[in-house]
């Protein structure tokens, strides 16, 4: 992660018409029935458990996988579990045209790269990003590449304190680094 | 160039003028955590900071409002984890008897004009109603803020939303709010601050302002403010403890807005959000006659005295249709007390409604407001996402529409009662 390069297999969160699902809210990502859980290791099994058509995601995902979702991913509640459940599964990054504000913060603070990339809407619609493709993302340069299909795309790179927090491994690690300086 | 409200509040809490888009370290006046998120904060805190003190024990509070009093062992444990932490650190706990944390913090004067407040409640931008910058955050953020009294924040751009026209007499602030959810969707003010202006919102009471500001979350916005005050609302605000009108935030005349959106609400009838999105909103005429099994009045969006008064005006001397259950949850203990003193509780009771103690758990499977598979519920809450309140279908509406619909057993406009 230090060099800001991520490579993995893609999951494109589409509906039964093959379109990117928009406004996926935190209850679809991690249902409120499991909010009492505080141990991250127990959270992975519930990831996307309330998203129609994706209930079995947790069993199919592998560490290092990358998710692409529609705009306003992570709308709704402030629950950190909606981020932590993906970390528990080893998800390497989530790419979407936009994220819910709180979700975005929570992900940065837990060092889960959340990449704002408006271009994915068209790429997915044109079949240029599909589930199973191998994709590489550079957080520093904002360059993405679909290695399976040989297609390149761009997104605003991370900078400033957000990049520093992600590279440190999360907000706590970042804060401890500051204390040591 | 002048500043918008959010820019002014942030500038005052990071010691310099700020530009939209930049990330600043924001000083916080109040940091809070609930019975959900709270135990995670305690766990994070003790792992990261051991027994070191919080940044200021007078400015860190717990509010329990989700599963109150606890009806599951997990929540009982989680609340006790927070209580014990609070005791060790000398923090205030607004316990299971107090009500919805955001409302309690307004009533207690913790949230006030020009202040900054964060906590583990995604509807904390409700604080915009009292001119305060409030923001919901996850447990990592809140843990860090417990310790440091600070948080990193990306200064949002501001959109001005101007309402014009005179809505129909049956349109309450909730109806205007739902209509705004429809018109603004989740794109127009996404990740932006909003300043709502114009006569229709200027006339909103504090209760109406709470309703609108709470649902800026559903519009994917950061926070909403309603800078223009009317005389009556000013008095309501002045009655809050420690409220200082001089701190009431107003934008500079030459403030820089992303854009201005004008929305005409002339003749607006009551509005209803249909399953499963808060911005999938229709005029009541289009959903009229939909059979319902239950109703819910409460939540951080519509749990004030004025909301229940609205419902009681319709329910007075009438009976809820047999087979329909109306569930009422006052926002706070103070609201509950006023309902008791004004005779509203008795009206609700005699109509056949169930009235519980204050809380906010209907949105989080902790309290009243859940649906079973196949159940149709009409609710004053703010979200009707698929599966959120159970497997049933939830329609969102004003307290008046919910009350009227519970009398009729189907969705109906209050003017028809």
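Residue numbers (our numbering), protein chains in the order written: chain H, 1 to 181; chain L, 182 to 598.
Built from N, CA and C at the ideal position, the CB exists for glycine as well.
All values reported here derive from a predicted model rather than from experimental measurement.
Three or more beta-carbon pairs separated by less than 8 Å are not found between the stretch 459-478 of chain L and the stretch 308-327 of chain L, which leaves the two stretches without contact. At the C-beta level, residue 439 of chain L and residue 339 of chain L come within 9 Å of one another. Residue pairing from DSSP places residue 509 of chain L in a beta bridge opposite L/478 and L/536. Checking the DSSP bridge columns, you'll see residue 335 of chain L partnered with L/204. Here residue 577 of chain L carries a strand assignment [DSSP, helix/strand/coil]. Closest in alpha carbon position to residue 347 of chain L, among L/444, L/269 and L/404, is L/444.
About 5 Å separates the beta carbon of residue 492 of chain L from that of residue 478 of chain L, a gap short enough to meet the 8 Å contact definition. Counting only runs that start and end inside the stretch 431-498 of chain L, the alpha helix (DSSP H) elements of at least 4 residues fall at 486-496. If you draw a 10 Å sphere on the C-beta of residue 41 of chain H, you find fewer than 16 other C-beta atoms in it, and that means exposed. With at least 16 other beta carbons inside 10 angstroms of its own, residue 69 of chain H counts as buried.
In the same chain as residue 567 of chain L, and ignoring 5 residues on each side of it, the C-beta atoms closer than 7 Å to its own belong to 457, in chain order. Listed along chain L, the residues sitting closer than 7 Å to residue 102 of chain H by beta-carbon distance are 303, 317, 318 and 319.
At a cut-off of 9 Å, the C-beta of residue 576 of chain L has no neighbouring C-beta in chain H. Judged by their CB atoms, residue 205 of chain L and residue 199 of chain L are nearer to each other than the 9 Å cut-off. When DSSP states are grouped into helix, strand and coil, residue 153 of chain H belongs to the strand group.
Closest in C-alpha terms to residue 92 of chain H, from the list H/20, H/112 and H/121, comes H/112. Distance between residue 168 of chain H and residue 229 of chain L, taken at the CA atoms: about 15 Å. Against residue 483 of chain L, chain H offers no close residue; the least beta-carbon distance is about 18 Å (beta-carbon pairs closer than 8 Å). In chain order, 456 and 557 place their CB closer than 6 Å to the CB of residue 574 of chain L, counting only its own chain and leaving out the 5 sequence neighbours on each side. Separation of residue 384 of chain L and residue 442 of chain L (C-alpha to C-alpha, rounded to the nearest whole angstrom) is 19 Å.
Taking 9 Å as the cut-off, the Cβ atoms of residue 10 of chain H and residue 130 of chain H count as close. Proximity of chain L to residue 38 of chain H at the Cβ level (cut-off 7 Å) is accounted for by 220, 221 and 224, in chain order. Three or more Cβ pairs closer than 8 Å define a contact, and the stretch 75-89 of chain H meets that threshold against the stretch 299-315 of chain L.
With the rule of 3 Cβ pairs closer than 8 Å, the stretch 237-254 of chain L counts as touching the stretch 271-280 of chain L. Within chain H, the C-beta atoms nearer than 8 Å to that of residue 322 of chain L come from 105, 106, 109 and 171, in chain order.
Nearest CB-CB separation between residue 458 of chain L and chain H: below the 9 Å threshold.
At a cut-off of 9 Å between beta-carbon atoms, residue 83 of chain H makes contact with chain L.
Taking 9 Å as the threshold, the shortest C-beta distance from residue 341 of chain L to chain H does not fall below it. Within the stretch 69-83 of chain H, those residues whose Cβ lies closer than 9 Å to any Cβ of chain L are, in chain order, 71, 72, 75, 76, 77, 78, 79, 80, 81, 82 and 83. The alpha carbon of residue 427 of chain L has as its nearest neighbour, out of L/396, L/434 and L/410, the alpha carbon of L/410. For residue 106 of chain H, the uninterrupted alpha helix (DSSP H) segment begins and ends at 101-109. In the DSSP assignment, residue 45 of chain H falls outside any alpha helix (DSSP H), carrying neither H nor E.
Comparing alpha-carbon positions, the option among L/390, L/413 and L/420 lying closest to residue 407 of chain L turns out to be L/390.
Taking the Cα of residue 549 of chain L as reference, the smallest distance to any Cα among L/528, L/498, L/507 and L/517 is reached at L/507.
The shortest C-alpha to C-alpha distance from residue 50 of chain H to any of H/63, H/71, H/19 and H/24 is the one to H/24. Residue pairing by DSSP leaves residue 351 of chain L without any beta bridge partner.
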